[in-house]
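First to last, the protein sequences are chains Y and G.
One point on numbering: in this note's numbering, the residue at position 104 of the first sequence is 116, and numbering is uninterrupted.
One point on numbering: in this note's numbering, the residue at position 22 of the second sequence is 30, and numbering is uninterrupted.
Ideal Cβ positions, reconstructed from N, Cα and C, are used throughout, including at glycine.
All values reported here derive from a predicted model rather than from experimental measurement.
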Amino acid sequence: MSESAEMDERFFPQEQRHKVIADACAEMLASARTGDLEGFVKSRAERIRSAATQGLPYRSMILTFLTMQEAMRPLLLRFYGSDPELLTRATGALNRAFSLIKAHEAEMYLAAKEEVIKAQQQAMLQLSTPVIQVWEGILVAPLVGTIDSERAMQITQNLLIMVRDTKASIAIIDISGVPMVDTLVANHLLKTVRAARLLGAKCLIVGISPEIAETLINLGVDLSGVDTFFSLHTGLKQAFRELGQAVGPA
Amino acid sequence: MAVPIVQVGRSLIVTVPEALHDTAAVNLQGDILAAIKKTNASGVLIDVTALDVVDSFMGRLLVDTAAMARLLGARTALVGLQPEVAMTIVDLGLELPGLYTALDLEGGLQLLQHLDTERG
Numbered sequence: 013m014s015e016s017a018e019m020d021e022r023f024f025p026q027e028q029r030h031k032v033i034a035d036a037c038a039e040m041l042a043s044a045r046t047g048d049l050e051g052f053v054k055s056r057a058e059r060i061r062s063a064a065t066q067g068l069p070y071r072s073m074i075l076t077f078l079t080m081q082e083a084m085r086p087l088l089l090r091f092y093g094s095d096p097e098l099l100t101r102a103t104g105a106l107n108r109a110f111s112l113i114k115a116h117e118a119e120m121y122l123a124a125k126e127e128v129i130k131a132q133q134q135a136m137l138q139l140s141t142p143v144i145q146v147w148e149g150i151l152v153a154p155l156v157g158t159i160d161s162e163r164a165m166q167i168t169q170n171l172l173i174m175v176r177d178t179k180a181s182i183a184i185i186d187i188s189g190v191p192m193v194d195t196l197v198a199n200h201l202l203k204t205v206r207a208a209r210l211l212g213a214k215c216l217i218v219g220i221s222p223e224i225a226e227t228l229i230n231l232g233v234d235l236s237g238v239d240t241f242f243s244l245h246t247g248l249k250q251a252f253r254e255l256g257q258a259v260g261p262a
Numbered sequence: 009m010a011v012p013i014v015q016v017g018r019s020l021i022v023t024v025p026e027a028l029h030d031t032a033a034v035n036l037q038g039d040i041l042a043a044i045k046k047t048n049a050s051g052v053l054i055d056v057t058a059l060d061v062v063d064s065f066m067g068r069l070l071v072d073t074a075a076m077a078r079l080l081g082a083r084t085a086l087v088g089l090q091p092e093v094a095m096t097i098v099d100l101g102l103e104l105p106g107l108y109t110a111l112d113l114e115g116g117l118q119l120l121q122h123l124d125t126e127r128g
């Protein structure tokens with residue numbers, strides 16, 4: 013069996029096809045009778061959403077309607093076969109109706125897929141900006157990868173929420189996993205430090221390599237207001253030292 | 009209705025309501041200073057948990073109040089800033105010199121107490 017035929021079989025098994033189509037026809041007729049198309053559209057939308065999130069290909073999804081269209085042809089012949097003009101009009105109307113349905117469903121399918129992609133992007137963003145509580149009052153945020161303004165905002169937000177939820181007084185930002193630290197990144201970091209300070213938490217920046225140190229000073233970046241260290245180890249020691257003391261001013 | 013100012017030990021707690029504009033804000037400033045004088049408070053805690061936004065007007069008000077309080081001998085701490093508000097303040101480049109900050113009332117009271125004993 014070809015892959016597409018396999019998929020069709022998986023989502024639309026042969027022995028169930030009759031029942032699915034019969035049910036779909038019955039639903040359509042019922043709503044056509046009552047004039048309540050909205051209910052029909054809503055139930056279709058739900059089915060499409062779950063199909064799209066499960067990875068059902070669009071083709072398999074519209075297989076129902078394609079098959080229905082096929083199935084209705086002999087019916088049309090039976091009812092309007094004697095009058096060619098009526099038959100043409102009926103066939104045209106039916107085709108138009110199905111085209112509309114297919115177009116509408118395509119939109120809903122796309123929208124559902126886009127939602128999935130968006131959710132995945134959000135999840136990725138969340139995963140890539142973790143903040144860990146390593147001790148009472150101490151957070152560590154290990155940054156990995158490039159920091160653009162959107163990630164910087166996500167990191168700051170995550171950090172602030174953690175500070176608030178864990179009542180942390182020290183946040184250690186580890187930038188050893190950040191490949192490029194330039195003026196922009198440094199400014200993002202400074203903003204995060206300032207924001208955390210507004211919530212009463214002090215930030216330490218660790219993971220500054222000799223190369224980064226050279227770059228930053230050559231670029232004229234001023235990180236003098238922030239405690240910075242090469243190793244996380246030293247930064248952590250400093251954090252414990254500060255917690256041992258009484259609370260200091262902002 | 010005037011914003012209530014509560015005394016706890018040697019500190020004053022001021023809970024800023026969600027909408028504080030113009031005259032009400034200036035009145036509050038005056039009320040705080042009067043309260044410092046009356047209670048001989050050494051610390052003022054301004055709780056901004058209810059604020060969804062801190063613009064330059066509010067920022068200036070807070071900074072000025074802290075400076076005035078300082079002249080009377082009291083330190084001022086800001087508590088309860090929401091994460092989104094903090095981020096906006098930083099994005100706008102709003103500076104808040106002279107204001108101490110803490111996460112919540114408990115942290116703020118501790119901070120003010122520490123500053124008080126430090127001063128001796």
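Beta-ladder partner(s) of G:Leu2, from DSSP: Past the edges of chain G, shown from 9 to 128, lies residue 2 of chain G, and the structure says nothing about it.
Contacts around G:Gln37, its chain only, beta-carbon distance under 6 angstroms, and the 5 residues preceding and following it disregarded: Thr73
Y:Gln169: contacting residues in chain G (beta-carbon distance under 9 angstroms): Pro91, Glu92 and Met95
Continuous alpha helix (DSSP H) assignments of at least 4 residues falling wholly in the stretch 61 to 91 of chain G: The alpha helix (DSSP H) runs of length 4 or more contained entirely in the stretch 61 to 91 of chain G are, from start to end of the chain, 64 to 79.
Those residues which DSSP pairs with Y:Pro154 across a bridge: According to DSSP, which records beta bridges pairwise, Y:Pro154 is partnered with Y:Asp186.
Near the ligand SAH: Y:Leu151 beta-carbon under 7 angstroms from a heavy atom: Absent from the structure shown: the ligand SAH. Ligands present: none.
Unbroken alpha helix (DSSP H) run spanning Y:Thr195, endpoints: Thr195 to Leu210
As assigned by DSSP and simplified to three states, the class of Y:Val259: Because Y:Val259 sits at a pLDDT of 45, beneath the cut-off of 50, its placement in the model cannot be relied upon, and the point is left open.
Y:Lys179 (DSSP reduced to helix, strand or coil): coil
Segment contact, 8 angstroms Cβ cut-off, at least three pairs: the stretch 9 to 18 of chain G with the stretch 225 to 242 of chain Y: no
Per-residue contacts from Y:Arg266 into chain G (C-beta, under 7 angstroms): Limits of chain Y in this structure are 13 at one end and 262 at the other, which puts residue 266 of chain Y out of reach.
8 angstroms Cβ cutoff, G:Leu115 in contact with chain Y: The sequence given here has Gly at residue 115 of chain G, not Leu. Answer yes: the Cβ-Cβ gap between G:Gly115 and chain Y drops below 8 angstroms somewhere.
Element boundaries [alpha helix (DSSP H), containing Y:Ile74]: Tyr70 to Tyr92
Sub-8 angstroms separation of Y:Lys125 and Y:Phe77 beta-carbons: no
Which residues DSSP lists as bridging G:Tyr108, in chain order: G:Ala85
Endpoints, the beta strand (DSSP E) within which Y:Ser221 is located: First-last for Y:Ser221: undefined, no H or E at that position.
Short CB-CB distance (under 8 angstroms) between Y:Ala258 and chain G: Unreliable placement is indicated for Y:Ala258, whose pLDDT of 46 sits below 50; no coordinate value is reported for it.
Classification of Y:Ile129 by the beta-carbon crowding that lies within 10 angstroms, buried from 16 upward: By the neighbour-count rule (16 or more Cβ atoms within 10 Å), Y:Ile129 is not buried but exposed.
For Y:Thr240, the three-state DSSP class (helix, strand or coil): strand
Any C-beta of chain G under 8 angstroms from that of Y:Lys214: no
Beta-carbon proximity list for G:Asp124, same chain, < 7 angstroms, skipping 5 on both sides: Arg18, Ser50 and Gly51
Test item: CB-CB of G:Ala110 and G:Leu102 under 8 angstroms: no
Closest Cα partner of Y:Phe241 within the set Y:Ala208, Y:Ile184, Y:Leu210 and Y:Val205: Y:Ile184
Neighbour list for Y:Ile173 in chain G, Cβ cutoff strictly below 7 angstroms: Pro91
Min CB distance G:Val98 to chain Y below 8 angstroms: yes
Neighbourhood of Y:Asp194 by C-beta, 8 angstroms cutoff - its chain only, sequence neighbours within 5 removed: Exclusion of the five residues before and after Y:Asp194 leaves Thr227 and Leu231 as the residues of its chain whose Cβ lies within less than 8 angstroms of its Cβ.
Three-state secondary structure (DSSP) of G:Val93: helix
Cβ of Y:Arg206 within 8 angstroms of any chain G Cβ: Cβ-Cβ to chain G under 8 angstroms: yes for Y:Arg206.
Rounded C-alpha distance that separates Y:Leu122 from Y:Ala63: 11 angstroms
Cα-Cα separation, G:Gly67 to Y:Ile167: Going from the Cα of G:Gly67 to the Cα of Y:Ile167 covers about 25 angstroms.
Start-to-end residues for the beta strand (DSSP E) that takes in G:Thr23: For G:Thr23, the enclosing beta strand (DSSP E) covers residues Ser19 to Thr23.
Candidates Y:Val175, Y:Asp160, Y:Val152 and Y:Met120, of which the one nearest Y:Ser55 by Cα: Y:Met120
Near-chain G residues of the stretch 86 to 117 of chain Y - C-beta to any C-beta below 8 angstroms: So nothing in the stretch comes that close.
Rounded separation between Y:Glu148 and Y:Ala251 - CA only: Whole-angstrom Cα-Cα distance: 11 angstroms.
Proximity winner among Y:Ile159, Y:Arg61, Y:Met174 and Y:Ser161, relative to Y:Val146 (alpha-carbon distances): Y:Met174
Option nearest G:Asp39 by Cα separation, candidates G:Ser64, G:Val11, G:Asp30 and G:Val56: Residue G:Val11 is the option with its Cα nearest to G:Asp39.
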